[in-house]
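**Q** In the working numbering, the protein residues as written are 754 to 848. Just so it is clear, CB atoms sit at the ideal spot from N, CA and C, and this is done for glycine as well.
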Amino acid sequence: MAITEDEARKVAHLARIAVKDADLPALAQELNGILHFMEQLNEVDVEGVEPMTGVEPMRLKRRQDVVTDGEMQELILKNAPDAREGFFAVPKVVE
Numbered sequence: 754m755a756i757t758e759d760e761a762r763k764v765a766h767l768a769r770i771a772v773k774d775a776d777l778p779a780l781a782q783e784l785n786g787i788l789h790f791m792e793q794l795n796e797v798d799v800e801g802v803e804p805m806t807g808v809e810p811m812r813l814k815r816r817q818d819v820v821t822d823g824e825m826q827e828l829i830l831k832n833a834p835d836a837r838e839g840f841f842a843v844p845k846v847v848e
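(1) In three-state terms, what does DSSP make of A771?
(2) Could you say if the stretch 803–810 and the stretch 772–783 meet the contact criterion of at least three C-beta pairs nearer than 8 Å?
(3) Drop a sphere of 10 angstroms on the beta-carbon of A761, count the other beta-carbons inside from all chains shown, and report buried for 16 or more, exposed for fewer.
(4) Out of G839, V819, G807, which has the shortest C-alpha to C-alpha gap to L828?
(5) When DSSP labels each residue in this structure, what does A765 get in the three-state scheme?
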């Protein structure tokens with residue numbers, strides 16, 4: 754599959770890239786190179802290859818899903834302009 758200059762112009766327009774008419778042949782050539790490389794990648798046999806999270810085989814670290822209050826209520830309320838009875842105090846909005 755080859756990208757023409759008209760298709761390169763359309764791609765540039767869709768990508769919101771300003772490309773001069775003189776630069777369209779170079780852009781079309783670059784896009785053709787990218788498509789050619791993608792075709793080469795499609796030829797790679799990946800049958801039986803498992804997806805991986807990184808280059809080193811390891812399990813993702815897990816932690817217990819425990820609900821806590823963060824044990825920082827006093828520190829957080831210290832930054833509030835008005836705090837009462839352990840909560841943020843805000844002005845009444847609805848009457």
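**A** Taking the geometry as given:
(1) coil
(2) no
(3) buried
(4) G839
(5) helix
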